[in-house]
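Working notes for the structure below.
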Amino acid sequence: MNAILKTSDNDNVVTCLRSLYKGDEIVADGITFIVKEDIPQFHKMAIKDIKKGSPVFKYGQVIGLATRDINSGDYAHVHNIESTRGRGDKQEAIK
Amino acid sequence: MKITGYKRENKTFGIRNHLLVIPASVCASETAIKIANLVPGAVAIPHQHGCCQVGVDYRQTVRTLTGFGCNPNVGAVLIVGLGCEGINSKDMAEDIAKTGKRVEYIIIQENNGTLGTISKGAEILSSMSAELSAQQKVEFDISEIILGLECGGSDPTSGIASNPAIGKASDMLVSAGGSSILSETTEVIGAEHLLVHRFDTEEKKKKFLRMVSDVEKRAVAMGEDLRGTQPTPGNIQGGLTTIEEKSLGCMHKAGTMYNFKDALEYAQMVPKEKKGLYFMDTPGEDIDSITGMVAGGAQIVVFTTGRGTPTGCPIAPVIKITGNTNTYNMMKDNIDINAGKIITDGATLDDIGREIFDKIIEVSNGKLTKAEVLGHKEFGIYRIGYTF
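Chains as they are written, first to last, in my numbering: chain A, 1 to 95; chain B, 1001 to 1388.
Okay, structure coming up:
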């Protein structure tokens, strides 16, 4: 079983198919990544540096924006990604 | 491909032969339950609605209850009304009777209250039960099947394994001439730009996009971040971060081979003469969503769940599939198929898609799902207005 799953070529996050631990070495697209923090099974890891405010891609589609700089190997979840949809707390969000 | 089931007068086919007791309103719900409890095999659908509703919300409740009565899995119907509620029991009985099945109604205020109504109701129900027991199953073509597609308690395995796998099964059913319904408008938010291309006319595209934007506007109008509920706390704990991510995984339930014939309103009947893949405007909440699809004519539902959920339906078998092997091992009482083998054992989407399709056939032929064995019969009507 692979440790990670990348769903599309231009994704900048991958799904961890097993729990990953800080210091693990993971190979994706021929590049070795050092896992920077523990990541639970099926949660996401960044495989590229993502600047604050930039889109996060999974399935080749935008799943949200980075709320702070995310580095390759970081755990990527609600602490550093936010949705752009259904944001009644930000009234301008609706199209 | 042939399966066996119950032929109805209106040339639809049921895969179960339920005796249904419909309360016209919340005021008749308890009495309806008591009547159903007296006759083995009868099932009541208690609910909180049916009175002091207006407009589209009222009509949606009527459509849902009527749709349940019309569903081909139901052999006969008893409606229990209080007598003064908004929903008229006689009118509903006449609408359901157009299917050709036996339908009767009874009014609490006209039958000496609870006990008189129970007595008379149980008498009607027991004669219906005897009639249903004499009905023979007949062979019919699989193209008569309408499949509801549902996901709930999702986690990232749903988008990777179980949803694409039921998408395969849905494609197989539609290829065989059957129908399938993608639901849960909330879980289209963030994926509508991909799905909209699968509607063939500008009018249908606009209708579909309006359904999605109406749901999003409702959340925004409340001044809240939808993330308070979508994704749910369990979705987030499982590893789903945003509604967009959840939606992009949910849309795989619709398979890849077919375009949508149309976008249906909640509980709107799937057209018998125009089989194929449909979208239905239901909420992300599982029970209300399944109720809408079954009211629209679905005889069977496939339901993917990464976190695990026990829920069923009063009149339609619900097949549970998880993409998470841990969940399968934890909730074997509730889960019928482990699509987690795609992740853990190298099974292919085609393998699991075929396993799900074979299970749909087996269950259609009469085998009980785990939700049926355990008596799960959750029922909920999607409200789109206020109670006055």
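All C-beta atoms, glycine included, are put in the ideal place defined by N, C-alpha and C.
Computed from a predicted model, the values in this text were never measured in an experiment.
For the segment 1175-1184 of chain B against the segment 1135-1153 of chain B, are there 3 or more C-beta pairs whose distance is under 8 Å?
-> Per the Cβ contact rule, the segment 1175-1184 of chain B is in contact with the segment 1135-1153 of chain B (3 or more Cβ pairs under 8 Å).
With distances taken from CA atoms, which of B/Ala1093, B/Met1330 and B/Thr1186 is nearest B/Met1211?
-> What you label residue 1211 of chain B is simply residue 211 of the second sequence in a count that begins at 1. Each of B/Ala1093, B/Met1330 and B/Thr1186 was checked against the Cα of B/Met1211, and the nearest Cα belongs to B/Thr1186.
Could one say the Cβ of B/Glu1372 lies closer than 8 Å to chain A's Cβ atoms, at least one of them?
-> Mapped onto the second sequence, residue 1372 of chain B falls at position 372. Using a Cβ-Cβ cut-off of 8 Å, B/Glu1372 does not count as an interface residue toward chain A, since no Cβ of chain A sits closer than that to its own.
How big is the Cα-Cα spacing for B/Gly1153 and B/Arg1307?
-> Your numbering for residue 1153 of chain B matches position 153 in the second sequence. Your numbering for residue 1307 of chain B matches position 307 in the second sequence. The alpha-carbon atoms of B/Gly1153 and B/Arg1307 are separated by roughly 5 Å.
Alpha carbon of B/Ile1360 to alpha carbon of A/Thr15, nearest angstrom | Counted from its first residue, the second sequence places residue 1360 of chain B at position 360. Counted from its first residue, the first sequence places residue 15 of chain A at position 15. Spanning the alpha carbons of B/Ile1360 and A/Thr15 requires a straight line of approximately 30 Å.
CB contact flag (B/Asn1073, B/Ala1295, <8 Å) = The count along the second sequence starts at 1 and reaches residue 1073 of chain B at position 73. The count along the second sequence starts at 1 and reaches residue 1295 of chain B at position 295. Not closer than 8 Å, so no.
In the DSSP assignment, find the unbroken alpha helix (DSSP H) run with B/Gly1055 in it and report its ends.
-> If you number the second sequence from 1, residue 1055 of chain B lands on position 55. Per DSSP, B/Gly1055 belongs to the alpha helix (DSSP H) from Gly1055 to Cys1070.
Which chain B residues sit within Cβ distance under 9 Å of A/Ile50?
-> By 1-based counting over the first sequence, the position of residue 50 of chain A is 50. Under the 9 Å cutoff, chain B gives no residues; its nearest Cβ is about 13 Å from A/Ile50.
At what residues does the beta strand (DSSP E) containing B/Glu1150 begin and finish?
-> The residue you call residue 1150 of chain B lines up with position 150 of the second sequence. First-last of the beta strand (DSSP E) with B/Glu1150: Ile1146 to Cys1151.
Quick one: grab the DSSP three-state call for A/His79.
-> On the first sequence, position 79 is the one that residue 79 of chain A refers to. Under the three-state reduction of DSSP output, A/His79 falls in the coil class, being neither helix nor strand.
Outcome for B/Ala1221 when other beta-carbon atoms lying within 10 angstroms are tallied against a minimum of 16 | Sequence index remark: in the second sequence, residue 1221 of chain B carries index 221 (1-based). With a 10 Å radius around the Cβ and a threshold of 16 neighbouring Cβ atoms, B/Ala1221 comes out exposed.
Look at the alpha carbon of B/His1047 and the alpha carbon of A/Gly53, and state the distance between them as a whole number of angstroms.
-> To locate residue 1047 of chain B, count along the second sequence from 1; it is residue 47. To locate residue 53 of chain A, count along the first sequence from 1; it is residue 53. Each residue's alpha carbon lies about 45 Å from the other.
At a CB-CB cut-off below 8 Å, which residues of chain A make contact with B/Thr1157?
-> One-based indexing of the second sequence puts residue 1157 of chain B at position 157. Correct list: Phe42.
Where DSSP assigns a beta bridge to B/Ile1107, which residues make up the other side?
-> Taking the first residue of the second sequence as 1, we reach residue 1107 of chain B at position 107. Note: B/Ile1107 sits in a beta bridge opposite B/Gly1081.
From what residue to what residue does the alpha helix (DSSP H) around B/Glu1202 run?
-> Taking the second sequence and counting its residues from 1, one reaches residue 1202 of chain B at position 202. Unbroken alpha helix (DSSP H) run through B/Glu1202: Glu1202 to Ala1221.
For B/Ile1287, count neighbouring Cβ atoms within 10 angstroms of its own Cβ and tell me buried if that reaches 16, exposed if not.
-> Taking the first residue of the second sequence as 1, we reach residue 1287 of chain B at position 287. Here B/Ile1287 is buried: its Cβ has 16 or more other Cβ atoms, across all protein chains shown, within 10 Å.
At which residues does the beta strand (DSSP E) containing B/Ala1278 begin and terminate?
-> Here residue 1278 of chain B corresponds to residue number 278 of the second sequence, with the count starting at 1. In the sequence as displayed, the identity of residue 1278 of chain B is Tyr instead of Ala. Where B/Tyr1278 is concerned, the enclosing beta strand (DSSP E) stretches over Leu1277 to Met1280.
Please work out which residues of its chain come closer than 7 Å, Cβ to Cβ, to B/Asp1262, disregarding the five sequence neighbours upstream and downstream, and give them in chain order.
-> Here the question's residue 1262 of chain B lines up with position 262 in the second sequence. Cβ neighbours of B/Asp1262 within its own chain (closer than 7 Å, five residues either side excluded): Lys1204 and Tyr1278.
Span of the alpha helix (DSSP H), counted from its first residue to its last, around B/Tyr1328 = Taking the first residue of the second sequence as 1, we reach residue 1328 of chain B at position 328. Annotation for B/Tyr1328: the continuous alpha helix (DSSP H) segment containing it runs Thr1325 to Met1330.
Sufficient close CB pairs (3 or more, under 8 Å) joining the segment 1222-1239 of chain B to the segment 1153-1162 of chain B = A contact between stretches requires three or more CB pairs, one per stretch, nearer than 8 Å, and the segment 1222-1239 of chain B meets this requirement with the segment 1153-1162 of chain B.
Can you tell me which of B/Ser1126, B/Lys1246 and B/Pro1283 puts its alpha carbon nearest to the alpha carbon of A/Arg85?
-> Position 85 of the first sequence, counted from the start, is the residue given in the question as residue 85 of chain A. Selected option, being the one with the closest Cα: B/Lys1246.
Is the segment 1310-1325 of chain B touching the segment 1353-1372 of chain B, taking contact as three or more C-beta pairs under 8 Å?
-> Pairwise C-beta distances place the segment 1310-1325 of chain B in contact with the segment 1353-1372 of chain B, as three or more of them are shorter than 8 Å.
Can you tell me which of A/Gly88, A/Gly64, A/Asp89 and A/Arg87 puts its alpha carbon nearest to the alpha carbon of A/His79?
-> Within the first sequence, residue 79 of chain A is the residue found at index 79, counting from 1. A/His79 has its Cα closest to that of A/Gly64, out of A/Gly88, A/Gly64, A/Asp89 and A/Arg87.
Cβ neighbours of B/Arg1218 in the same chain (closer than 6 Å, five flanking residues each side left out) | Within the second sequence, residue 1218 of chain B is the residue found at index 218, counting from 1. Correct list: empty, nothing qualifies.
Within the present structure, is the beta-carbon of B/Ser1089 separated from the nearest heavy atom of the ligand ZN by less than 7 Å?
-> Of the ligands one can find in the structure shown there are none, so the ligand ZN has no counterpart to examine.
Can the beta-carbon of B/Val1174 be found less than 8 Å from the beta-carbon of B/Gly1276?
-> If you number the second sequence from 1, residue 1174 of chain B lands on position 174. If you number the second sequence from 1, residue 1276 of chain B lands on position 276. In this structure, B/Gly1276 lies closer than 8 Å to B/Val1174 by Cβ.
Based on Cα-Cα distance, which residue from B/Val1043, B/Phe1013 and B/Lys1034 lies nearest to B/His1445?
-> There is no way to answer for residue 1445 of chain B, as the model of chain B reaches only from 1001 to 1388.
Go through its chain and collect everything with a Cβ distance to B/Glu1085's Cβ below 7 Å, but skip five positions before and after it.
-> Numbered from its first residue, the second sequence carries residue 1085 of chain B at position 85. If we look at B/Glu1085 and ignore the five residues flanking it on each side, its Cβ neighbours are Ala1024, Ser1025, Cys1027, Gly1050 and Cys1051.
How should B/Tyr1105 be labelled, buried or exposed, when 16 other C-beta atoms within 10 angstroms of its C-beta is the threshold for buried?
-> Taking the second sequence and counting its residues from 1, one reaches residue 1105 of chain B at position 105. Under this definition B/Tyr1105 is a buried residue.
Near A/Leu17, which residues of its chain fall below 8 Å by C-beta distance, leaving aside the five closest residues on each side in sequence?
-> Looking up residue 17 of chain A in the first sequence gives position 17. Closer than 8 Å at Cβ, skipping near neighbours: Met1, Asn2, Ala3, Ile4, Leu5, Gln41 and Phe42.
Check the Cβ-Cβ distances between B/Ala1219 and every residue of chain A, and say whether any is below 8 Å.
-> The count along the second sequence starts at 1 and reaches residue 1219 of chain B at position 219. For B/Ala1219, a Cβ of chain A is located within less than 8 Å of the residue's own Cβ.
Could you tell me whether the segment 1093-1103 of chain B touches the segment 1028-1036 of chain B, using the rule of 3 or more Cβ pairs below 8 Å?
-> The segment 1093-1103 of chain B, when compared against the segment 1028-1036 of chain B, does not touch it at the 8 Å Cβ threshold.
Roughly how many angstroms separate the alpha carbons of B/Ile1096 and B/Tyr1386, rounded to a whole number?
-> On the second sequence, residue 1096 of chain B is found 96 positions in, with the first residue counted as 1. On the second sequence, residue 1386 of chain B is found 386 positions in, with the first residue counted as 1. Rounded to whole angstroms, the separation of the alpha carbons of B/Tyr1386 and B/Ile1096 is 26 Å.
Hey, is B/Tyr1006's beta-carbon within less than 8 Å of any beta-carbon in chain A?
-> Counting from 1 along the second sequence, the entry for residue 1006 of chain B is found at position 6. So, not an interface residue.
Let me know if B/Leu1374 comes out buried or exposed under the rule of 16 or more other beta-carbons within 10 Å of its beta-carbon.
-> Your numbering for residue 1374 of chain B matches position 374 in the second sequence. Flag for B/Leu1374 reads exposed.
Helix, strand or coil at B/Ala1028 [DSSP, three-state] | Your numbering for residue 1028 of chain B matches position 28 in the second sequence. Note: B/Ala1028 maps to helix in three-state DSSP.
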